[in-house]
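**Q**
Number of protein chains: 2
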Amino acid sequence: MPNSLKLKSQHLCFGGTVAYYSHQSSTCHSEMNFAVYLPPQAQTQAVPILYYLSGLTCSEENFTVKAGAQRYAAEYGIMLVIPDTSPRQTGIPEEEASWDLGSGAGFYVDATIAPWQQYYQMYSYVTKELPALIAANFTVNIHKQGIFGHSMGGHGALICALKNPTQYLSVSAFAPICAPRSCPWGEKAFTAYLGTDREQWRAYDASELIKTQQLNYPILIDQGTADPFLKQQQLLPEVFESACQQVGQPLQLRYQEGYDHSYFTIATFMADHFRYHSTYLCQ
Amino acid sequence: MPNSLKLKSQHLCFGGTVAYYSHQSSTCHSEMNFAVYLPPQAQTQAVPILYYLSGLTCSEENFTVKAGAQRYAAEYGIMLVIPDTSPRQTGIPEEEASWDLGSGAGFYVDATIAPWQQYYQMYSYVTKELPALIAANFTVNIHKQGIFGHSMGGHGALICALKNPTQYLSVSAFAPICAPRSCPWGEKAFTAYLGTDREQWRAYDASELIKTQQLNYPILIDQGTADPFLKQQQLLPEVFESACQQVGQPLQLRYQEGYDHSYFTIATFMADHFRYHSTYLCQ
């Protein structure tokens, strides 16, 4: 039973169902956790899927309880799928040593370096195993998939979309890490997971990927101006914006005055992101 | 400076501001925490106030991050005030001994029994000190106050409204403890805070208070049918409903099929509660 899901808990919400699952991942060779929101429409029809990738230190729970997204998912009839941000309890000694590497910090790459490479295959997990699992277990329209995320998960959403230009029909992000090759968080994670050859890092850097692969739909990004990580040069939206301009990729990058890096910002602009995704997923 | 507030953090949200404060309480003889949401309208006019009282184990943070209320508060122009559920770190030895007594479990009564009575004065704190503090520090319309809450905080909202029929203009609750004299949670807390004379408990039991004091506005209650505490006889909405019927108090008690005790339920019906409160607060 490769697709065997373990239901951990579920709750009615806006006429649909929030459910927390775990399963044995063949990609990450460990138990993986994810949450879903099944909108009421899923009872009678195959619904589009919107994946949400979370930021550093998060599990599948943060977005599920804080973002206020279920209201919109119920309105538009979109299923939400929220994976955890990494494998957990793999036994790797360094796994819990720091908040920005290992547990809670998978960075949505396929690690090639020991000891991470046996478990930390988050890119393949999110783009291949998880969609297949959802298709096998829920009544969904697998031809209508979008993806979005926050911070590290915004980076994840961008690279998943850019590396799979026909799999996803829409991509947006809140305060994404736009150029991980060039910021401290990305340098630390990529060195550990991918090694010291910075050429290898291009495959997981949205500001590099966009130069060779554009999308036939516009990208939406919201970035708060009071976000401390913007000032610390961890996010670098201007690098991605410049790259998009060079190749003619449509990008709506909105600087939101006074907003910070928190879920209060995400909740505020959630309606706009659903409006954007619904344009591509609900036609 | 009796009204000196310490701002701990703040975040823009839906055009307004979420802010966390602490202050030295003269009522509870300790440092108390609360959160507010100031809607955008507060920049130019005196806004109505809606107090939210949280349930067992909660702090001021649970509602603030989970309920999705800011969207509606911004829409209607209502300030939210969310006190913590008890004093903290008072030095009372039993304070942290159990999750349903002491820290996180103030039960919105004025304790009369040692060692609690020196600090656990939540009824007076919520109905007197906190409103005065809000009036002194924010641009509000103190004549337009409503109150609501969840579980223990639903009990708190009901008794605050019933004991102060002109101070609050509206009251609603999610899964309130409706008859604390008659349920295990209430019996434990009232015995500790008020002593073993059950006659003294009537002053803090909504199903008793309603018999002698009705409100000139209807009460709104939402109760999920899949709430485990309903089955455990901790909430007893039928006792309150019966008492309201006896005295002719208008009550809209809605049983919500399949919903549980979580914030997913609260978020689902938040819009209805704001619509109800706005009828009385925003005229």
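Those sequence lines, one after another, are chains R and A.
Residue numbers for the first sequence follow UniProt numbering, beginning at 1 and rising by one.
Residue numbers for the second sequence follow UniProt numbering, beginning at 1 and rising by one.
Every residue, glycine too, gets a C-beta built ideally from N, C-alpha and C.
Is there a Cβ from chain R that is less than 7 Å from the Cβ of residue 68(A)?
**A** On the second sequence, residue 68(A) is found 68 positions in, with the first residue counted as 1. With respect to chain R, the C-beta atom of residue 68(A) has a partner C-beta closer than 7 Å.
**Q** Counting only beta-carbon atoms, is residue 264(A) nearer than 7 Å to chain R?
**A** Here the question's residue 264(A) lines up with position 264 in the second sequence. Chain R contact via Cβ: present.
**Q** Answer yes or no: does any C-beta atom of chain R fall closer than 7 Å to that of residue 268(A)?
**A** The residue you call residue 268(A) lines up with position 268 of the second sequence. Output row for residue 268(A): interface = yes.
**Q** Can you list, in chain order, the residues of its chain with a C-beta nearer than 8 Å to that of residue 21(R)? Leave out the 5 residues immediately preceding and following it.
**A** Along the first sequence, one-based indexing puts residue 21(R) at 21. Here the set comprises 5, 6, 7, 8, 33, 34, 35 and 36.
**Q** Taking 7 Å as the threshold (beta carbon to beta carbon), is residue 58(R) in contact with chain A?
**A** Counted from its first residue, the first sequence places residue 58(R) at position 58. Taking Cβ atoms only, chain A never reaches closer than 7 Å to residue 58(R), which makes this a no.
**Q** Determine the chain R residues that contact residue 258(A) at a beta-carbon separation under 8 Å, and present them in chain order.
**A** To locate residue 258(A), count along the second sequence from 1; it is residue 258. Those within 8 Å of residue 258(A) in chain R are 12.
**Q** Below 7 Å on C-beta distance, what does residue 65(A) contact in chain R?
**A** By one-based count along the second sequence, residue 65(A) stands at place 65. What residue 65(A) touches in chain R: 66 and 263.
**Q** Using DSSP's beta-bridge definition, name the partner residues of residue 222(R).
**A** Here the question's residue 222(R) lines up with position 222 in the first sequence. Answer by DSSP bridge pairing, in chain order: 174(R) and 254(R).
**Q** Excluding sequence positions up to five away, which residues of its chain have a Cβ less than 7 Å from the Cβ of residue 80(R)?
**A** Residue 80(R) sits at position 80 when you count from the first residue of the first sequence. Within the same chain, residue 80(R) has close Cβ partners 36, 37, 50, 52, 69 and 73.
**Q** Under a CB-based cut-off of 7 Å, is residue 81(R) close to chain A?
**A** As a first step, residue 81(R) must be located in the first sequence, where it is residue number 81. No, because no Cβ of chain A sits closer than 7 Å to the Cβ of residue 81(R).
**Q** Hey, would you say the C-beta of residue 112(A) is under 6 Å away from at least one heavy atom of the ligand ATP?
**A** This structure does not include the ligand ATP; it has no bound ligands of any sort.
**Q** Quick one, are the C-beta atoms of residue 253(R) and residue 221(R) less than 7 Å apart?
**A** For the purposes of this step, residue 253(R) is identified with residue 253 of the first sequence, where counting begins at 1. For the purposes of this step, residue 221(R) is identified with residue 221 of the first sequence, where counting begins at 1. Their beta carbons are under 7 Å apart, which means residue 253(R) touches residue 221(R) by this criterion.
**Q** Taking CB distances under 7 Å as the criterion, tell me whether residue 18(A) reaches chain R.
**A** One-based indexing of the second sequence puts residue 18(A) at position 18. Yes, contact with chain R.
**Q** Apart from the five residues on each side of it in sequence, which residues of its chain come closer than 6 Å, Cβ to Cβ, to residue 30(R)?
**A** Your numbering for residue 30(R) matches position 30 in the first sequence. 87, 90 and 119.
**Q** Is the Cβ-Cβ distance between residue 280(R) and residue 169(R) less than 7 Å?
**A** For the purposes of this step, residue 280(R) is taken as the residue at position 280 of the first sequence. For the purposes of this step, residue 169(R) is taken as the residue at position 169 of the first sequence. Against a cut-off of 7 Å, the Cβ pair of residue 169(R) and residue 280(R) comes out as a contact.
**Q** Hey, how far is the Cα of residue 14(A) from the Cα of residue 115(R)?
**A** Numbered from its first residue, the second sequence carries residue 14(A) at position 14. Numbered from its first residue, the first sequence carries residue 115(R) at position 115. Distance between the alpha carbons of residue 14(A) and residue 115(R): 44 Å.
**Q** I'd like to check one pair, residue 146(R) with residue 156(R): are the Cβ atoms closer than 7 Å?
**A** Here the question's residue 156(R) lines up with position 156 in the first sequence. Here the question's residue 146(R) lines up with position 146 in the first sequence. Cβ distance not < 7 Å, so residue 156(R) and residue 146(R) don't count as in contact.
**Q** Along the alpha helix (DSSP H) that carries residue 194(R), what are the first and last residues, could you check?
**A** Start at 1 with the first residue of the first sequence, and residue 194(R) comes out as number 194. Looking at the DSSP string, the run of the alpha helix (DSSP H) that includes residue 194(R) is 184-194.
**Q** Whose C-alpha, out of 137(A), 265(A), 249(A) and 256(A), is nearest the C-alpha of residue 23(A)?
**A** Residue numbering aside, residue 23(A) sits at position 23 when the second sequence is read from its first letter. Ranking 137(A), 265(A), 249(A) and 256(A) by Cα distance to residue 23(A) puts 137(A) first.
**Q** Can you name the residues of chain R whose CB is closer than 7 Å to the CB of residue 88(A)?
**A** In the second sequence, counting from the first residue as 1, residue 88(A) sits at position 88. Correct list: empty, because the minimum Cβ distance to chain R is about 23 Å.
**Q** Under 8 Å by Cβ, that's how I've got residue 28(R) and residue 125(R) pegged, so tell me the actual separation to the nearest angstrom.
**A** Position 28 of the first sequence, counted from the start, is the residue given in the question as residue 28(R). Position 125 of the first sequence, counted from the start, is the residue given in the question as residue 125(R). The C-beta distance from residue 28(R) to residue 125(R) rounds to 5 Å, short enough to fall under 8 Å.
**Q** List, in chain order, every chain R residue whose beta-carbon is nearer than 9 Å to that of residue 275(A).
**A** Residue 275(A) sits at position 275 when you count from the first residue of the second sequence. What residue 275(A) touches in chain R: nothing, since even the nearest Cβ is about 15 Å away.
**Q** List the residues of chain R whose Cβ lies closer than 7 Å to the Cβ of residue 254(A), in chain order.
**A** Locating residue 254(A) in the second sequence gives position 254, where the first residue counts as 1. Those within 7 Å of residue 254(A) in chain R number zero; the least Cβ separation is about 14 Å.
**Q** How far does the beta strand (DSSP E) with residue 9(A) in it extend, from its first residue to its last?
**A** On the second sequence, position 9 is the one that residue 9(A) refers to. Its beta strand (DSSP E) spans residues 6-13.
**Q** Compute the distance between the beta-carbons of residue 264(A) and residue 18(R), then report whether it is under 7 Å.
**A** For this step, residue 264(A) is matched to residue 264 along the second sequence. For this step, residue 18(R) is matched to residue 18 along the first sequence. Taking 7 Å as the Cβ cut-off, residue 264(A) and residue 18(R) qualify as a contacting pair.
**Q** Check this for me: beta carbons of residue 179(A) and residue 154(A), under 7 Å apart or not?
**A** Locating residue 179(A) in the second sequence gives position 179, counting from the first residue. Locating residue 154(A) in the second sequence gives position 154, counting from the first residue. Going by C-beta atoms, residue 179(A) is not nearer than 7 Å to residue 154(A).
**Q** How is the alpha helix (DSSP H) around residue 245(R) delimited, first residue to last?
**A** Sequence index remark: in the first sequence, residue 245(R) carries index 245 (1-based). Unbroken alpha helix (DSSP H) run through residue 245(R): 237-247.
**Q** DSSP three-state label for residue 24(A), please.
**A** Position 24 of the second sequence holds residue 24(A). Reduced to three states, the DSSP call for residue 24(A) is strand.
**Q** DSSP on residue 138(R), reduced to helix/strand/coil?
**A** If you number the first sequence from 1, residue 138(R) lands on position 138. Here residue 138(R) sits in coil by DSSP.
**Q** Going along the chain, which residues of its own chain have a beta-carbon closer than 7 Å to the beta-carbon of residue 95(R), five neighbours each way excluded?
**A** Within the first sequence, numbered from 1, the residue matching residue 95(R) stands at position 95. Excluding positions up to five away in sequence, the list reads 102 and 103.
**Q** Which residues mark the beginning and the end of the beta strand (DSSP E) in which residue 210(R) is found?
**A** Position 210 of the first sequence, counting from 1, holds the residue named residue 210(R). Here residue 210(R) belongs to no beta strand (DSSP E); instead the alpha helix (DSSP H) covers 206-212.
**Q** In terms of residues, what are the limits of the alpha helix (DSSP H) holding residue 109(A)?
**A** For the purposes of this step, residue 109(A) is taken as the residue at position 109 of the second sequence. No alpha helix (DSSP H) contains residue 109(A), which DSSP labels as neither H nor E.
**Q** In the structure shown, what three-state DSSP assignment does residue 35(R) receive?
**A** Here residue 35(R) is taken as the residue at index 35 of the first sequence, counted from 1. Three-state DSSP puts residue 35(R) in a strand.
**Q** Restricting to Cα atoms, I'd like to know which of 133(R), 92(R), 165(R) and 82(R) is closest to residue 249(R).
**A** Residue mapping note: residue 249(R) aligns to position 249 of the first sequence, counting from 1. Considering only alpha carbons, the answer is 165(R).
**Q** In terms of residue numbering, what span does the alpha helix (DSSP H) encompassing residue 215(R) cover?
**A** The count along the first sequence starts at 1 and reaches residue 215(R) at position 215. Element bounds for residue 215(R): n/a, residue is neither H nor E.
**Q** Can you give me the start and stop residues for the alpha helix (DSSP H) that residue 228(R) sits inside?
**A** Within the first sequence, the letter at position 228 stands for residue 228(R). Where residue 228(R) is concerned, the enclosing alpha helix (DSSP H) stretches over 228-231.
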